[in-house]
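Participant: Residue numbers (the numbering used here): 2 to 304.
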RNA sequence: AGGGGCGUAGCUCAACGGUAGAGUCGCGGUCUCCAAAACCGUCGGUUGCAUGUUCGAAUCGUGUCGCCCCUG
């Protein structure tokens with residue numbers, strides 16, 4: 002029995018939310034958000050979190066599930082999202098995974114090895130201190146010793162991943178290079194993304210950022226800060242938030258903050274597109290074909 | 001009008017007289033427990049223009065155009 006899953010991914014501001022809701026209504030199902038920022042309560046405007054009106058009564062999962070001060074990672078995400086996915090399947094529904102965080106989406110669609118070695122704060126801190134004291138090259142040399150294959154693939158400057166590789170070795174006794182990097186699908190998924198011409202996508206991004214300021218992005222950030230949420234929190238590193246925090250500190254004009262946010266969002270969108278190109282069988286829809294009807298057709302002809 | 005300063009990559013700036021370098025932007029990419037993160041690669045300039053000096057000029061001289069400051 003096929004275990005159908007619909008994935009609606011793509012760059013930020015490409016209209017995923019509306020399309021997903023259209024589909025959910027048409028297919029009588031629910032949406033599983035795959036977005037690393039929508040999980041945070043209180044971050045609404047800057048994350049373009051769908052409002053109740055936009056949700057049109059469709060149940061959305063994995064939104065507003067943690068506090069702004071919490072840390073969160075893909076594994077937390079998969080742990081929470083997979084049961085929802087399975088439950089929808091068991092009810093005979095086609096779950097809709099919708100979001101822009103490709104890493105999160107992959108954690109649901111494919112067999113992943115990272116469950117094997119959980120994060121270990123103590124080990125991470127240890128290597129972070131080592132990095133601080135002796136520098137990147139010394140850290141990289143350590144990895145070369147224990148896992149030369151992974152060192153071959155990583156850049157010494159990518160200390161985040163170098164530390165993770167060291168962590169995997171130290172905690173599990175196994176090399177990261179022994180993990181399989183194959184994307185082995187767990188579901189019969191259909192993945193679609195709306196393929197806007199780059200210029201058009203950028204125009205949409207700009208318009209959306211302007212809209213965020215009108216809706217009170219600065220005020221939202223101020224509220225978070227006034228609530229005592231540290232600017233170094235993971236959630237405050239999100240685009241739209243970190244720039245406003247910095248701008249408030251420097252006394253920047255809103256137009257300056259806005260320009261930087263637009264630029265960072267463009268960069269982000271580019272990274273998303275690069276990432277999604279790797280999704281097996283991803284269907285890039287022209288904007289005019291980004292409708293629930295078209296997607297229904299694709300689902301039918303695929304299975 | 002007179003005096004001074006400046007004109008170098010799309011932008012901000014470097015470069016003892018030895019055929020121009022960074023950062024940023026733009027573009028491309030990586031990604032298996034912080035992923036809106038982290039990281040990598042790459043394009044790019046007949047040095048405002050003209051002329052002179054010199055073996056050799058972004059650099060020195062002259063002229064010219066443009067911008068800025070001061071004085072009147």
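The beta carbon of each residue, even a glycine, is placed where N, CA and C say it ideally should be.
#1: What residues in its chain sit with their C-beta under 7 Å from that of residue 41, if we drop five residues either side in the sequence?
#2: My output table needs one value for residue 5: the three-state DSSP class, helix, strand or coil.
#3: Check the DSSP bridge columns for residue 193 and list the partner residues they point to.
#4: Keeping to the same chain, check which residues put their C-beta closer than 8 Å to that of residue 210; ignore five residues upstream and five downstream.
#5: Going by the beta-carbon positions, is the gap between residue 5 and residue 189 smaller than 7 Å?
#6: I need the DSSP call for residue 33, collapsed to helix, strand or coil.
#7: Does the Cβ of residue 136 have 16 or more other Cβ atoms within 10 Å, making it buried, or fewer, making it exposed?
#8: Leaving aside the five residues before and after residue 85 along the sequence, list all residues of the same chain whose C-beta is less than 6 Å from its C-beta, in chain order.
#9: Does residue 229 pass the burial test, meaning 16 or more other C-beta atoms within 10 Å, or should it be called exposed?
#10: Would you mind reading off the limits of the beta strand (DSSP E) that contains residue 236?
#11: Provide the residue(s) that pair with residue 156 in DSSP beta bridges, ordered along the chain.
#12: I need the DSSP call for residue 41, collapsed to helix, strand or coil.
#13: Taking all protein chains shown into account, do 16 or more other C-beta atoms lie within 10 angstroms of the C-beta of residue 110, making it buried, or fewer, making it exposed?
Facilitator: Result, derived from the coordinates:
#1: So the list reads 67, 69, 236, once near-sequence residues are dropped.
#2: When secondary structure is reduced to three states using DSSP, residue 5 falls in the strand class.
#3: Checking the DSSP bridge columns, you'll see residue 193 partnered with 9, 284.
#4: If we look at residue 210 and ignore the five residues flanking it on each side, its Cβ neighbours are 241, 259, 262, 263, 266.
#5: Yes, the pair counts as a contact, with Cβ atoms nearer than the cut-off.
#6: Here DSSP, grouped into helix, strand and coil, assigns residue 33 to strand.
#7: Residue 136 is exposed by the Cβ-count criterion.
#8: These residues qualify, in order along the chain: 33, 62.
#9: By the 10 Å Cβ count, residue 229 comes out exposed.
#10: Note, residue 236: premise wrong, no beta strand (DSSP E); not H, not E.
#11: Answer is none; residue 156 lacks a bridge partner.
#12: Of the three classes helix, strand and coil, the one that applies to residue 41 here is strand, per DSSP.
#13: Residue environment: residue 110 is assigned as buried (16 or more neighbouring CB atoms within 10 Å of its CB, all protein chains considered).
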